[in-house]
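Numbering (numbering that gives the first Met the number 0), first residue to last: 0 to 259.
Glycine residues also receive a C-beta, built at the ideal position from the N, C-alpha and C atoms.
Please read all numbers here as calculations on a predicted model, not as lab measurements.
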Amino acid sequence: MTSDAQIQTTLPAFASGNVAVITGGASGIGLAAAKRFAAMGMKVVLADIGGVRLDQAKQAIAAVAGDDAVLPIPTDVSKAEEVDRLAELAHDAFGAVSVLMNNAGVGNNPGKPWENRDAWKRLLDINFWGVVHGVEAFAPRMLAADKPGLIINTGSKQGITTPPGNLAYNVSKAGVKTFTEGLAHALRNEPGAKVSAHLLIPGFTYTGLTEGATQKPAGAWTGEQVIDFMLASLIDDDFYILCPDNEVARPTDEKRMAWA
Numbered sequence: 000m001t002s003d004a005q006i007q008t009t010l011p012a013f014a015s016g017n018v019a020v021i022t023g024g025a026s027g028i029g030l031a032a033a034k035r036f037a038a039m040g041m042k043v044v045l046a047d048i049g050g051v052r053l054d055q056a057k058q059a060i061a062a063v064a065g066d067d068a069v070l071p072i073p074t075d076v077s078k079a080e081e082v083d084r085l086a087e088l089a090h091d092a093f094g095a096v097s098v099l100m101n102n103a104g105v106g107n108n109p110g111k112p113w114e115n116r117d118a119w120k121r122l123l124d125i126n127f128w129g130v131v132h133g134v135e136a137f138a139p140r141m142l143a144a145d146k147p148g149l150i151i152n153t154g155s156k157q158g159i160t161t162p163p164g165n166l167a168y169n170v171s172k173a174g175v176k177t178f179t180e181g182l183a184h185a186l187r188n189e190p191g192a193k194v195s196a197h198l199l200i201p202g203f204t205y206t207g208l209t210e211g212a213t214q215k216p217a218g219a220w221t222g223e224q225v226i227d228f229m230l231a232s233l234i235d236d237d238f239y240i241l242c243p244d245n246e247v248a249r250p251t252d253e254k255r256m257a258w259a
């Protein structure tokens with residue numbers, strides 16, 4: 000595991016007392032990130048659909064860092080006005096945001112391209128437009144703060160290799176990849192910008208999207224492993240944070256992507 004001291008020395012956005020906002024923060028990779036960031040002394044804003052799961056996530060973070068270090072905000076990222084409200088509440092409670100993880104997503108399969116328009120739209124509204132809404136709401140504030148900042152968008156290998164099986168999901172994550180590439184370019188060319196964008200590409204990970212699994216499959220990584228890999232990759236200033244898992248190593252992923 001990469002040490003907190005190394006992370007915070009190399010990446011000042013993760014300094015103790017700084018603020019992180021995580022969508023999809025109530026479970027899986029998002030919750031693992033929240034726990035790790037809180038353990039480093041950061042203030043954490045958990046954005047997810049409301050309910051018991053968000054309450055439980057808040058309690059888990061409070062157990063690590065105390066009640067004052069975590070703010071749960073029920074948010075539907077598919078609705079721009081709710082993400083705008085998230086940005087306002089986060090800023091009012093904790094001040095400038097240094098780390099934004101646009102991580103919320105769903106993995107259901109709407110089916111064939113000519114069926115279930117509403118289900119297709121709902122998936123794209125969450126997986127793709129949720130990321131766009133996050134950037135629209137937070138990036139201007141992060142740039143204006145004139146502090147080192149990171150925007151990390153969660154993509155998927157399926158958004159790159161686009162295998163048969165779930166076309167709608169592939170389309171949504173391909174959109175996240177392309178959008179994040181353009182975002183990174185725009186930030187690099189923004190005069191004086193101290194904010195960078197990165198694409199997190201998890202491998203097979205045991206999360207809330209792992210359907211039909213009551214316990215972690217042997218081939219899957221945990222959310223905690225993904226976050227540690229992500230932090231190590233950010234130290235190296237990687238844009239593409241291409242995670243392996245217990246079944247697939249990076250060379251295999253690279254061959255699949257080259258073939259695609």
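Alpha carbon to alpha carbon, what distance is there between residue j and residue i?
i      : j      : result
Arg121 : Lys78  : 11 Å
Trp128 : Thr74  : 14 Å
Gly174 : Ala183 : 14 Å
Asn217 : Phe203 : Note on residue identity: the sequence assigns Ala, not Asn, to residue 217. Those two C-alpha atoms are separated by around 10 Å.
Ala25  : Leu53  : 5 Å
Pro250 : Glu223 : 22 Å
Leu45  : Ile226 : 16 Å
Ala95  : Met229 : 22 Å
Arg187 : Cys242 : 24 Å
His90  : Trp113 : 42 Å
Phe13  : Thr221 : 22 Å
Glu210 : Ala138 : Confidence at Glu210 is low in this model, with a pLDDT of 47, below 50, so its placement is unreliable and the value that follows should be read with caution. Rounded to the nearest angstrom, the two C-alpha atoms are 33 Å apart.
Leu198 : Gln58  : 29 Å
Name, in chain order, the residues that DSSP records as bridge partners for residue i.
i      : result
Pro73  : Asp47
Leu149 : Val98, Ser195
Val18  : Lys42
Leu241 : Ile200
Cβ of residue i within 8 Å of Cβ of residue j?
i      : j      : result
Ile151 : Val194 : no
Ala92  : Leu70  : yes
Asn101 : Val63  : no
Val43  : Ile21  : yes
Lys176 : Gly164 : no
Tyr168 : Asn115 : no
Ser97  : Val170 : no
Arg140 : Ala185 : no
Ala33  : Ile60  : yes
Ile234 : Ile6   : yes
Gly40  : Gly16  : yes
On the criterion of 16 or more Cβ atoms from any shown chain inside 10 Å, does residue i qualify as buried, or is it exposed?
i      : result
Ser2   : exposed
Lys156 : buried
Phe238 : exposed
Asp67  : exposed
Ala143 : exposed
Pro201 : buried
Continuous beta strand (DSSP E) assignments of at least 3 residues falling wholly in the segment 164-220: Whole beta strand (DSSP E) segments, 3+ residues: 194-200.
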